[in-house]
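As C-alpha cells, the structure follows; a few thoughts come after it.
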Amino acid sequence: MSAQSLETPAKIDWDAIRRDFPILDQEVHGKPLAYLDNAASSQMPQQVIDRIVEYQTTFHSNIHRGVHALSQKATDAFEETRSLVRQFLNAREDAECIFTRGATEGINAVMHGYGRKFLKAGDEVVITHMEHHSNIVPWQMLRDEKGIVLKVVPMTDDGRLDLEAFQEAITDKTKFVSCIHVSNALGTINPIKEIAAMAHAVGAPILMDGCQAAPHLTLDVQDLDADFYVASAHKMCASTGVGIFYGKREMLEKMDPFLGGGDMILSVSFDETVYNVIPHKFEAGTPPIMPVIALGAAIKYLTAIGRDNIARREDELLAYAMEKLDTIDAFKLYGPRDTKTSVISFGIGDVHPHDIGTILDTAGVAVRAGHHCTQPLMKRLGIPATARASIAFYNNTDDIDALVGAINDVTEIFGA
Amino acid sequence: MSAQSLETPAKIDWDAIRRDFPILDQEVHGKPLAYLDNAASSQMPQQVIDRIVEYQTTFHSNIHRGVHALSQKATDAFEETRSLVRQFLNAREDAECIFTRGATEGINAVMHGYGRKFLKAGDEVVITHMEHHSNIVPWQMLRDEKGIVLKVVPMTDDGRLDLEAFQEAITDKTKFVSCIHVSNALGTINPIKEIAAMAHAVGAPILMDGCQAAPHLTLDVQDLDADFYVASAHKMCASTGVGIFYGKREMLEKMDPFLGGGDMILSVSFDETVYNVIPHKFEAGTPPIMPVIALGAAIKYLTAIGRDNIARREDELLAYAMEKLDTIDAFKLYGPRDTKTSVISFGIGDVHPHDIGTILDTAGVAVRAGHHCTQPLMKRLGIPATARASIAFYNNTDDIDALVGAINDVTEIFGA
Amino acid sequence: MTDLRNLYQEVILEHNKKPRNFGPLEEFTHEAHGYNPLCGDDYHIYMVVEDDVVKKVTFDGTGCAISKAAASMMTTKIKGKSVEEAEQYIAEFRAMMADELDDDGQEHLGHLKVFAGVAQLPNRIKCAVLPWHTLNAAIHGNDGTSTEGEADEWDG
Amino acid sequence: MTDLRNLYQEVILEHNKKPRNFGPLEEFTHEAHGYNPLCGDDYHIYMVVEDDVVKKVTFDGTGCAISKAAASMMTTKIKGKSVEEAEQYIAEFRAMMADELDDDGQEHLGHLKVFAGVAQLPNRIKCAVLPWHTLNAAIHGNDGTSTEGEADEWDG
Ligand SMILES: Cc1ncc(COP(=O)(O)O)c(C=O)c1O
Ligand SMILES: Cc1ncc(COP(=O)(O)O)c(C=O)c1O
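Protein chains in written order, with the numbering used here: chain A, 465 to 880; chain L, 465 to 880; chain F, 10 to 165; chain B, 10 to 165.
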C-alpha cells in the first residue's frame, strides 16, 4: 500500500496516492475526470476494494452467532473495525461505537431512543440554521409527536453561527442540542466544543453531526465532550451502507432501541424480552458486515497517510483554487473564507447552479449543484441553490485547473 | 457468465455454477469447506463481486441529486435494481419496492409507520410461534407503547402452523397480521396465501417475512396478496447492508416515514416539511448504493439460472441428505419432512448443538448451532437450540457427504 | 464546448434572459404548480381558457436556464391554440425528450426543436419537461405536480 | 479427529455426562446467574462461604459439554478453598484461555489444563469461561452476568 510506505510527511507522494483511486483514471465526455463532489461521497482506494474482494471471496459469513471458522473470522474483522472506529473518534470504549445504515439513521436513533423517551411537550431542542435536512426533519417529527419546541440558532451573512445568539437560545428549557460540526453546504467549521460547553452548562446533551468533519479533521469525542457523534463511511473512502453512531455509554444505556430484531436481544419470550447490552442493543438484525469491514480498511488507509497530512493537503488545494477563482469577476463564494474545510460553494453571476453543473460536467468536472439538503440555509442566503466543488486529498491541481477552465466556459456562454 | 450459457434446465452444469463462488474453493482446518450455513447468509458469485468492483472503480457517486455523469450512471444502476426487484417479486410498480438496511428494518418500518399511526389500545396483532425475533420484538415494542394485544398462533409438534387455530385467532379485533413465509429454523413453507385471505376477510393487512422464501421460491406478491413483504439481500447471493421492503402503494402512501433526512422530503422549512412520494419517502439519507447495485447483479444471476431450477436442485440435495441422515440412529430432525425448503434442523442424541457445531467445523462443515433467533420456537420444541444445515443450489453431494461423515464423528466422540 | 453550444443555443439563452409571458395572472381559469425537488426548479402556470382555446398563458417562478426557456417558449407556442393542440404539443415535447419523436412531430414542434439536445442529458430532461408537465396538470385540474418519483412516466 | 480428541478429552466428556455438585442449594450466601446469549448456555452458581472459605459450591442449568464440564470441574476445584484462592483460579483460568498462562499457573491449575485446547477455538472460549465468569460475579455480589458485549475483558 503506497500510503504505508510513507515515512515523513514531507515525503508524501500525492501522485502515488491518487493512483490508489482507480476511478479517477477515466474520461468523462472525452475529458479527464476531475472529481470534485467529495462532500457528497468520496471515492474508494484500491486497498479498500481489495479488502471487499478478500472478504467476499474468502470469509463472508453471518456474524456473532456462528461456531464455524468463517463466522468467527467475519466476526473478528467486524469487531476489529469497531475498535478502529473507537481509535478514529478517540472514544473510551468499543461498545460506544455503533454501526448504523448511515449518519441519518444515527440521528434518528437519538430522536427515537432519547427524544421520544425523555423529551416532553414544551422542552426545547436547539438546532441551527445551517443543519442538513437529516438534522432537521427528525426533530420536526418529534415536535409533531411530542410537542417539543424547536429553536433555530441563526447564521450570519458569511455563513457562520451567531455564537451570541446560540448562547441566548440555550436556556433552562433547553433539553437537547443538535448541531452540525462542519457545514456540508459551506464548509464552515463550527466551534463545536464551545457549543457543547454551552449545552452542558444547562444540563442538555449534544449531538454533533460530524459527516463533513470526519473526512477532514482529526476527531476526539472526549475532548469535544460529545454526547453523540455521527458520521458517514461513504464520505471517508469507505462504502455506502454504513454509518458511525457514537454515544457516551451512559446515554446509550438509558436510551431505548428503536429497531427490534435479532442480535439486539438477550432473550425473547412473548411475555418479556430483555434487550442486549450496548453496542448490540442498537444493531438489530444482520448488520452491514461487508461495508463495516470495508470501513475498517478505509480507516487504516486514512490513518496510514495521516489525518494531519490529509487536512494540510486539502487546505493547500483549497488555497490554490481560491486564488484562481477570485480572479473571475462573476465568481461569488458563499460562506466563510477561513476556518473551513475544502468545500467551495459558489455562484457565477446569475447563472443557475444547475446550468453551471451541466457545463462543468461537459468539461469532465464533477460538482454538485442544488440545495445540498440544506434548504433553510439556502433560503437564509436568498438563493435557490449553489454549485459546490469539494476537494479531497487525492485531487490535484489539474482538477482545480479544469474547474477554473470550465467556469470560464460558463461565463463565456452566459455572458456572465 | 456460466449461468447465462445455459439453454435448457436439463443441461445445467451445477459444477460450473459452483465454480462461480470463489469462497467455496478453500480448506478449513485442513478439510475442504462444506458451506451449509446458507440460511444465515449465502455466498456471492464472481459475477456480483465483479459488479461491485466495476461500480467502485468506474462510477461510484452519490445518487439522485447529481448533475454530473457519474451520479447519473449510479442513479440509473440503482433504479435499475428497483426495477429488477419489482420483477423478482412481481410487484405492480417500481415505487412499491423500497431499499432498507435489511429485512429487520422493513418490519420495523411497518411497525413505526403503520402500527404506531393506525393501531390503538386493544387492537389485536396476530403473529405465530414460528417467528424470527425480528417479527416479534417490534410488535412487543408497539404493545408497550400503544397497548395493542399480541396474539400468537400455535405451532404443531412437527413444526407447522395450526391453521384452524390461525382462523380462530383472527377476529374482528384483528387489525394486523405478521407472519413468516418460510421458517428459518425449520424450513417449513407456510400456506401464506391462505393466511392472507384469512387476514383480508376481516380487513386486516398482512406482512409476510420472506427472508427464507426469497432465495428458494418463485415469488408473486400480487398473487399472494401481500400488503407488505420483506427479504434480505445477503440471503440471495448479494451483499449485507440492504434489504427489500415491498408495500402496496396505498399502504405505503398512508403510512408515516420513521426516518427523517435527505431525499425523503420534497421541501423543508422550519415550519413545515413536505414528504416526498414513494419510494423516496422511506429512503432517508444516502442509501446503500453499492449493496443495492450488487443486489441487481445477484437478481440477474439467479434469474439466469432460473428460480425453478434452483428450487429443484435444492430439493434434490435435501432428499439426498435426508436419505443418508435417516440411517443415523441418534439423528433427530426437527420440523416437517415435506413442504419445506432445504433447511435441516437437527439434534444428535443429547449432544448439545454447540458441540455438534464445533465438531462439524473441525471437519470443514459450516453449520449454525443455536436458537436461530427463534427462542419461542425452541421453547415450544422443548430444546435450547438445534444444529442447522441449510443447503443452497451451489452445494453438492460432497458437501452432504462431509456433513454426514462429521455427524458420525459426533456420535463416535459422544457415544451418542 | 461544441456539445454545450448545442444545448445552450442562442434562443434558449435569450429566452432565459428575457422570458416571455412571465409573471402571474390576476384572473385565470386554470393554474398549476410544478416543482422539481432535485434542483429546485419551481414554477406556476396560469391560463385563461375560453371555448377550448388558450386565450392567455403565463408562468412565474424560478429555475435553471433550460426550464425557464422551456417555459417561456412553451407559452409563446400554445397561446391562442386550442386545448387539444396544446395537449398535442405536450405529447410531442415529451416524445422528443424520449428520443421517440417522428418526423411529423419534429416538423410540428418547429423551433421547440432547440431542446432536442437536452434529451442527450438524462439529468436535465426533467428541467425541460417540468413546464410542460405543469401545463398538463393545469389543463387537467391537478393543482400540483412534481417530477420526483415519476421518472418512468416522463423520462420515457 | 485428533484436534477434536484434544478438545473433547475423556475427562471433559465424563464430567459432561456426570456433572459433580449439580443442582441448586436451598441455602447459600452467594449466588449468580450466567448466560451466554450466543449459544444459550445458562447457569446458576450457588455458594456457601464461611470465614472466607468456600464451604459449598454447586451449579445448575444447561449448556454445551464444554461449559458443563468447566462448571463441574470448577466446583470440585474450589470447594474447600479460600475465596482468595478461588479468585486466583479465576485469574489463571482466564489467562489460560488467553494463551497467557505462565508455567507456575499451569502447574497450579492441575487437571483444569484439559481446557487448554479450547483456547484455540475462539468461539468456544466463552463456553469454558462462563462458569468462572459467573463464579466471579457470585463472589463479588453481582447478581447476573452475560458474556455478551464483554468480549474484550474475557477473550483477552
Ligand atoms: C425468517 C427471517 N426473518 C428475518 C430475518 C432478519 O433478516 P436480517 O437479519 O437480514 O435483517 C432473518 C434472517 O436472519 C430470517 O431468516
Ligand atoms: C452534514 C451532513 N449531515 C448528514 C448527512 C447525511 O448522511 P447520510 O446521507 O450518509 O446518512 C450528510 C451527507 O449527506 C451531511 O453532509
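By construction, the Cβ of each residue, glycine as well, lies at the ideal position given by its N, Cα and C atoms.
Is the CB of residue i under 8 Å away from at least one CB in chain A?
i, result
"G114(F)", "no"
"L47(B)", "yes"
"L723(L)", "yes"
"L22(F)", "yes"
"V492(L)", "yes"
"S696(L)", "yes"
Once you ignore the five residues that flank residue i on each side, which residues in its own chain have a CB closer than 6 Å to its CB?
i, result
"L671(L)", "V574, S642 and F692"
"N25(F)", "A74, K77 and A78"
"I487(L)", "Q507"
"L797(L)", "F810"
"P755(L)", "S703, G705 and V706"
"A668(A)", "T638, K639, F640 and V641"
"A678(L)", "A695 and M700"
Using the beta-carbon of each residue, which ones in chain A are nearer than 9 Å to residue i?
i, result
"Y44(B)", "L730 and S731"
"R529(L)", "A504, R832, A833, G834, H835, H836 and C837"
"F734(L)", "I591, H593, I600, Q604, L614, V616 and P840"
"V807(L)", "Those do not exist, as V807(L) stays about 14 Å from chain A at its closest Cβ, beyond 9 Å."
Within the 8 Å Cβ cut-off, does residue i reach chain L?
i, result
"S466(A)", "Low confidence applies to S466(A): its pLDDT is 47, below 50, so where it sits in the model is not reliable, and the reading given next is rough at best. So no, S466(A) is outside the interface."
"A79(B)", "no"
"Y17(B)", "yes"
"V549(A)", "no"
List, in chain order, every chain B residue whose beta-carbon is nearer than 7 Å to that of residue i.
i, result
"Q536(A)", "P131 and N132"
Using the beta-carbon of each residue, which ones in chain L are nearer than 9 Å to residue i?
i, result
"T71(B)", "H816 and P848"
"V574(A)", "The premise fails here: V574(A) is roughly 12 Å from chain L at the closest Cβ pair, so nothing lies under 9 Å."
Give the residues of chain L in contact with residue i, contact being defined as C-beta atoms less than 7 Å apart.
i, result
"P486(A)", "T521"
"C434(A)", "Residue numbering for chain A in the displayed model covers 465 to 880; residue 434(A) lies beyond these limits and cannot be assessed."
Taking Cβ positions only, does residue i come closer than 8 Å to chain B?
i, result
"D819(L)", "yes"
"I877(L)", "yes"
"A865(L)", "Position check: residue 865(L) holds Asp in this sequence, whereas Ala was assumed. It does not: the Cβ of D865(L) has no partner Cβ on chain B nearer than 8 Å."
"Y873(L)", "Correcting the residue type first, residue 873(L) is Asp in the shown sequence and not Tyr. Closer than 8 Å: yes."
"N740(A)", "yes"
Which residues in chain E have a C-beta closer than 7 Å to the C-beta of residue i? List them in chain order.
i, result
"H645(A)", "Absent here is chain E; the protein component of the structure consists of chains A, L, F and B."
Name, please, each residue of chain F whose Cβ falls closer than 7 Å to the Cβ of residue i.
i, result
"I823(A)", "L13"
Can you list the residues of chain B that residue i reaches, using a CB-CB cut of under 8 Å?
i, result
"G834(L)", "L47, C48 and G49"
I want to see whether chain F comes within less than 8 Å of residue i, judged by CB atoms only; does it?
i, result
"H680(L)", "no"
"T826(A)", "yes"
"N599(L)", "no"
"N773(L)", "no"
For residue i, return the contacting residues in chain A, with the cut-off set at a CB-CB distance below 7 Å.
i, result
"A74(F)", "H816 and D819"
"S703(L)", "M754"
Just to confirm my understanding: we take residue i, look at its own chain, exclude 5 residues before and 5 after, and list those with CB closer than 8 Å. What are they?
i, result
"N648(L)", "A503, H596, C675, Q676, V807, H836, C837 and T838"
"M662(L)", "F630, Q631, I634 and V641"
Can you give me the Cβ contacts of residue i inside the same chain, cut-off strictly under 7 Å, excluding the 5 residues immediately before and after it?
i, result
"H117(F)", "E101"
"E747(A)", "I562, F563, D727 and M728"
*Please specify which runs of the beta strand (DSSP E), each continuous and at least 3 residues long, are wholly inside the region 576-638 of chain A, giving them in chain order.*
Residue ranges of uninterrupted beta strand (DSSP E) with 3 or more members, entirely inside the region 576-638 of chain A and ordered along the chain, are 588-592 and 613-617.
*Please specify which runs of the alpha helix (DSSP H), each continuous and at least 4 residues long, are wholly inside the region 769-841 of chain A, giving them in chain order.*
Taking only runs of at least 4 residues, the alpha helix (DSSP H) segments lying wholly in the region 769-841 of chain A are 771-789 and 817-826.
_Runs of alpha helix (DSSP H) wholly within the region 657-741 of chain A (minimum 4 residues, chain order)_ = You should have 685-688 and 713-718.
*Minimum length 4: unbroken alpha helix (DSSP H) runs contained in the region 529-576 of chain L*: Entirely contained in the region 529-576 of chain L, the alpha helix (DSSP H) runs reaching 4 residues are, in chain order, 533-553 and 567-574.
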